[in-house]
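Below you'll find the structure, written out as structure tokens, and then a few comments.
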Amino acid sequence: MQKVMVFPSTFGKFSKEPERLLTEAGIEFTRFSKAGMTEDEVIQRLQGYDGVILGLEPMSERVMHACPQLKVVSRFGVGMDNVDVKAAGELGVKVYNTPGANANAVADYAFGMMLDLARSISVANRDVKRGEWNKYTGYPVWGAALGIIGLGAIGKGMARRAKGFNMRVLAYDVYWDEAFMAEYGVEKASLDEIYDQADFITLHTALTEETRNMISTEQLKRMKNTAFLINCARGGLVDEDALADALRTGEIAGVGIDAFCDEPPTGSPLLEMDCVIAAPHIAGSSIDGINTMARMSAQNCIKGLQEVRN
2 MQKVMVFPST
12 FGKFSKEPER
22 LLTEAGIEFT
32 RFSKAGMTED
42 EVIQRLQGYD
52 GVILGLEPMS
62 ERVMHACPQL
72 KVVSRFGVGM
82 DNVDVKAAGE
92 LGVKVYNTPG
102 ANANAVADYA
112 FGMMLDLARS
122 ISVANRDVKR
132 GEWNKYTGYP
142 VWGAALGIIG
152 LGAIGKGMAR
162 RAKGFNMRVL
172 AYDVYWDEAF
182 MAEYGVEKAS
192 LDEIYDQADF
202 ITLHTALTEE
212 TRNMISTEQL
222 KRMKNTAFLI
232 NCARGGLVDE
242 DALADALRTG
252 EIAGVGIDAF
262 CDEPPTGSPL
272 LEMDCVIAAP
282 HIAGSSIDGI
292 NTMARMSAQN
302 CIKGLQEVRN
């Protein structure tokens, strides 16, 4: 019987279907969840396992070399920056992810952050509960300009939501869906045009060597001092030191962050600022998104192990 390790704590939390799929496929699975696992801990846990359903745990070349029985890595999520895909190919390890599974959940959350930033909802809530009665002047969302960097499934979800607020939508991507853009009135824009013109900028692109720190001092200086930045993608997309400096000097108005470079972001100066909404990487954690990711990651794991078996 093939064996699979399941790391994500929310796998099967709201539906037993993913576990049932593994069992019916003749796969024995074990669950273990721990935040911030090291490579050594992952290596220790994966000894004797044929597959893994992987959260944010490191899956480096070193890990895969040290787990020779491992043949399938099924990501519980979309991002692949914690997986050395090149090494996996060289070692014959099949790698899968779950594109689009939580797109609506992330788009809902990013749009919610945008509204919160514009109207100081979280800050006002905190004040009232402290017994303070402070007034905040909000920024308009209706009719404002939204810049979307990465017009994939999540970026498209943001464009659809923005149209309900009569927003002007500018988008940047490497691959263009011309039909979608025409249907929703999305304007094709360069990155610089987005930095210069957008009132809200939301990131929905993968973390690669090309996109690491794509938002840094130069880009922040280009933005309006009334602009807000939302990052519900990957922490490494934003230079957090440059971001903290830009917020201190008022170069931009605020930021919503669901993905930090280091998680948890212990000691980050960003956590001390009222103009920052911080969240613990939960944008995709809705019940429907989790159920879809769990089902897809189980199906991918089964598919990979069946190919290995045959």
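For the sequence shown, this note's numbering assigns the number 2 to the initial residue and increments by one for each residue that follows. Cβ atoms here follow ideal geometry from the backbone N, Cα and C, with glycine treated the same way. From a predicted model like this one, the values you see are computed outputs, not experimental measurements.
Pairwise C-alpha distance: residue j and residue i
| i | j | result |
| --- | --- | --- |
| M182 | K157 | 9 Å |
| V86 | G132 | 52 Å |
| A67 | I44 | 6 Å |
| K222 | L192 | 13 Å |
| N98 | G290 | 14 Å |
| T212 | I288 | 30 Å |
| R120 | Y140 | 6 Å |
| I195 | I202 | 7 Å |
| G144 | L230 | 17 Å |
| P100 | A295 | 12 Å |
| N83 | M168 | 35 Å |
| G52 | L71 | 5 Å |
| V142 | I253 | 16 Å |
| K304 | T227 | 49 Å |
| V39 | P265 | Strictly speaking, residue 39 in this sequence is Thr, with Val absent from that position. Cα to Cα, T39 sits roughly 14 Å from P265. |
| I155 | I149 | 10 Å |
| S217 | E25 | 49 Å |
| L271 | G49 | 42 Å |
| P69 | E20 | 25 Å |
| D259 | L204 | 11 Å |
| T250 | E91 | 48 Å |
| Q1 | E184 | Nothing can be reported for residue 1: it is not among the residues displayed for the chain, which extend from 2 to 311. |
| N105 | M159 | 9 Å |
| E273 | Q307 | 50 Å |
| S269 | A180 | 42 Å |
| A243 | M224 | 13 Å |
| D275 | N135 | 13 Å |
| K14 | E42 | 23 Å |
| M114 | S16 | 28 Å |
Contact belief for residue i with residue j at Cβ below 8 Å, rounded distance in angstroms
| i | j | result |
| --- | --- | --- |
| V96 | A89 | 5 Å |
| L30 | V64 | One detail in the question is off: residue 30 reads as Phe in this sequence, not Leu. F30 to V64, Cβ: 19 Å. No contact. |
| V124 | Y137 | 7 Å |
| R76 | L55 | 5 Å |
| V277 | V309 | No, V277 and V309 are not in contact; Cβ-Cβ is about 46 Å, not under 8 Å. |
| C302 | V94 | The Cβ separation is near 12 Å, so there is no contact. |
| L147 | A199 | 6 Å |
Cutoff 8 Å; reference residue i; Cβ partners in own chain excluding five residues on either side
| i | result |
| --- | --- |
| D178 | L152 and K157 |
| G27 | M2 and Q3 |
| Q300 | L22 |
| I122 | L116 |
| K164 | V170, Y185 and G186 |
Residues of its chain near residue i, where Cβ-Cβ distance is below 6 Å and the 5 sequence neighbours each way are ignored
| i | result |
| --- | --- |
| T293 | A102 |
| E241 | C262 |
| N214 | D240 |
| A247 | L221 and I253 |
| S298 | I54, S75, F77 and T99 |
7 Å Cβ shell around residue i - same chain, five flanking residues per side excluded
| i | result |
| --- | --- |
| E18 | R296 |
| M60 | V74, N83, V84 and D85 |
| R162 | A108 and F112 |
Any chance the stretch 4-15 sits against the stretch 25-43, with 3 or more Cβ pairs inside 8 Å? They touch, by the three-pair rule.
With contact counted as at least three CB pairs below 8 Å, one residue from each stretch, are the stretch 184-203 and the stretch 160-176 in contact? Touching, yes, given that three or more Cβ pairs across the two stretches are closer than 8 Å.
Decide yes or no for the touch test of the stretch 198-211 against the stretch 233-247: beta carbon pairs closer than 8 Å, at least 3 of them. Output reads yes: the stretch 233-247 touches the stretch 198-211.
Assess contact between the stretch 105-119 and the stretch 269-283, defined as three or more Cβ pairs (one per stretch) separated by less than 8 Å. Is contact present? These segments touch.
Pick out the complete beta strand (DSSP E) segments inside the stretch 184-248, 3 residues or longer, and give them in chain order. Segments of the beta strand (DSSP E) lying fully in the stretch 184-248: 201-204 and 229-232.
If we require 4 or more residues per run, which alpha helix (DSSP H) segments fall completely within the stretch 135-181? Those alpha helix (DSSP H) runs which fall completely within the stretch 135-181 and span 4+ residues are 154-164.
What are the uninterrupted segments assigned as alpha helix (DSSP H) that are 4 or more residues long and contained completely in the stretch 18-50, given in chain order? DSSP runs (the alpha helix (DSSP H)) wholly in the stretch 18-50: 18-25 and 40-47.
Restricting to runs no shorter than 3 residues, where is the beta strand (DSSP E) found entirely within the stretch 64-133? Segments of the beta strand (DSSP E) lying fully in the stretch 64-133: 73-76 and 95-97.
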